[in-house]
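All residue numbers for the sequence shown refer to the numbering used here, where the first residue is 620 and numbers rise by one.
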Amino acid sequence: MTVEACQSFCLGVGFTLAGMEDGNECWCSDSLSNGATQANAGDCSTTCAGNSNELCGGGWRLSVYQYIAGASTTSTTATSTSTSSAPTSTPTGWSAIGCYTDANARTLPSDATSSNSMTVEACQSFCLGAGFTLAGTEDGNECWCSDSISNGGTQASAGDCSTTCAGNSNEQCGGGWRLSVYQYNAGTTSPPVNGWSSVGCWVDSNSRALPSDAESSSSLTTEACQTFCGNAGYTYAGTEDGNECWCSNSISNGATQASAGDCSTPCAGNSGEICGGGWRLSVYQK
């Protein structure tokens, strides 16, 4: 859980108030209800499970944010409101990968939420906001997130995922112990710039897929790596493990394409972009 993930989820299911509680809970509504009163700011001191630099309420305490349409993005404390621009569309870059079995040892165990207004898009927004590349809806009102299919989850018959979404009867949100799973294409988080285009996620090794030049930086971004490689005369640029940049004029040494989900590490210099993963390169060609 992060502040942004909860805000995205609540806005995605149509609510203007988002509240984080006890580090890992997200609650939504359009008004403060049932006699709730403002508490001391210090009561909301529990760090967010997904970002220790943010506060997500406390025990029986909500850090509350309000969405105001058309307002510019700001960041405020929980004692006032936070405003942000509405997403211009449903999250892009997601593709269905099928219906999967679930169990008590969850197939997508990293994060979860539930809502009586659940939609596919709301779940995708929640998972992406929390930094995950797989989103799965289950039993009509549940949303589960991770970066890989875990704990022995296997593909099920498509017909097993036939429960309508609680928030949109025209969509299917899994079934009983069945997940409708979607994968985010990490390449779409970094739009091509200056003539560079994504060619996917690739496996790296000690012999290096892009061996000609390299740098590392604690402020690395996709654009910085593209600029570095371009200025050095290379037509391929690859970011790896969040802070590495590798260059060449071809993909070398037997490197093979990996699953898009393997490239899920945020860039050290821009957490809104993906910079490869462990021994995985987000590769761009000019």
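Glycine included, every Cβ here is placed at the ideal spot set by N, Cα and C. In this text, all values refer to a predicted model and were calculated from it rather than measured experimentally.
How about residue i and residue j: do their beta carbons lie closer than 7 angstroms?
i, j, result
"residue 828", "residue 874", "yes"
"residue 876", "residue 821", "yes"
"residue 906", "residue 636", "The chain is shown only over 620 to 905; residue 906 falls outside these bounds and no answer can be derived."
"residue 640", "residue 669", "no"
"residue 846", "residue 888", "no"
"residue 866", "residue 831", "yes"
"residue 732", "residue 787", "no"
"residue 718", "residue 745", "no"
"residue 791", "residue 781", "yes"
"residue 759", "residue 741", "no"
"residue 858", "residue 844", "yes"
"residue 756", "residue 795", "no"
"residue 766", "residue 883", "yes"
"residue 654", "residue 804", "no"
What number of angstroms, rounded off, separates the C-alpha of residue i from the C-alpha of residue j?
i, j, result
"residue 633", "residue 645", "14 angstroms"
"residue 881", "residue 900", "9 angstroms"
"residue 860", "residue 714", "24 angstroms"
"residue 647", "residue 630", "9 angstroms"
"residue 939", "residue 678", "Because the chain spans 620 through 905 in this model, residue 939 falls outside it and cannot be assessed."
"residue 819", "residue 657", "48 angstroms"
"residue 870", "residue 736", "46 angstroms"
"residue 642", "residue 671", "9 angstroms"
"residue 734", "residue 783", "13 angstroms"
"residue 728", "residue 680", "25 angstroms"
"residue 667", "residue 815", "36 angstroms"
"residue 726", "residue 716", "14 angstroms"
"residue 789", "residue 743", "16 angstroms"
What residue range is occupied by the uninterrupted beta strand (DSSP E) comprising residue i?
i, result
"residue 765", "761–765"
"residue 849", "First-last for residue 849: 841–850, but that is the alpha helix (DSSP H), not the beta strand (DSSP E)."
"residue 718", "713–720"
"residue 645", "644–648"
"residue 819", "816–822"
"residue 832", "832–835"
"residue 798", "797–803"
"residue 730", "730–733"
"residue 637", "636–640"
"residue 899", "899–904"
"residue 893", "889–893"
Looking at the unbroken alpha helix (DSSP H) that takes in residue i, where does it start and where does it end?
i, result
"residue 828", "Counting along the chain, residue 828 falls outside any alpha helix (DSSP H), and DSSP gives it neither H nor E."
"residue 629", "622–631"
"residue 743", "739–748"
Who are the near neighbours of residue i in its chain, counting only those whose CB is closer than 7 angstroms to its CB and skipping five residues on each side?
i, result
"residue 682", "638, 639, 663, 674, 675, 676 and 697"
"residue 897", "860"
"residue 838", "887 and 888"
"residue 665", "641, 642, 674, 675, 676 and 677"
Less than 8 angstroms between C-beta atoms, sequence neighbours within five positions excluded: which residues of the same chain meet that for residue i?
i, result
"residue 885", "750, 861, 891, 892, 893 and 894"
"residue 872", "824, 826, 827, 828 and 830"
"residue 836", "843, 862, 864, 887 and 888"
So, at 6 angstroms on beta carbons, what are the nonlocal neighbours of residue i in its own chain, with the 5 sequence-adjacent residues on each side left out?
i, result
"residue 730", "749 and 764"
Tell me, please, whether the CB atom of residue i is closer than 7 angstroms to any CB atom in chain D?
i, result
"residue 686", "Here there is only one protein chain, and chain D is not present."
**Prompt:** At a cut of 8 angstroms, does the segment 621–640 reach the segment 739–750 through at least three beta carbon pairs?
**Reply:** The way I'd put it, the segment 621–640 does touch the segment 739–750; three or more beta-carbon pairs between them come closer than 8 angstroms.
**Prompt:** Do the segment 720–731 and the segment 756–771 touch if we need at least three Cβ pairs shorter than 8 angstroms?
**Reply:** Output reads yes: the segment 756–771 touches the segment 720–731.
**Prompt:** Given 8 angstroms as the limit, is there contact between the segment 849–857 and the segment 795–803, that is, 3 or more CB pairs closer than that?
**Reply:** No, the segment 849–857 is not in contact with the segment 795–803.
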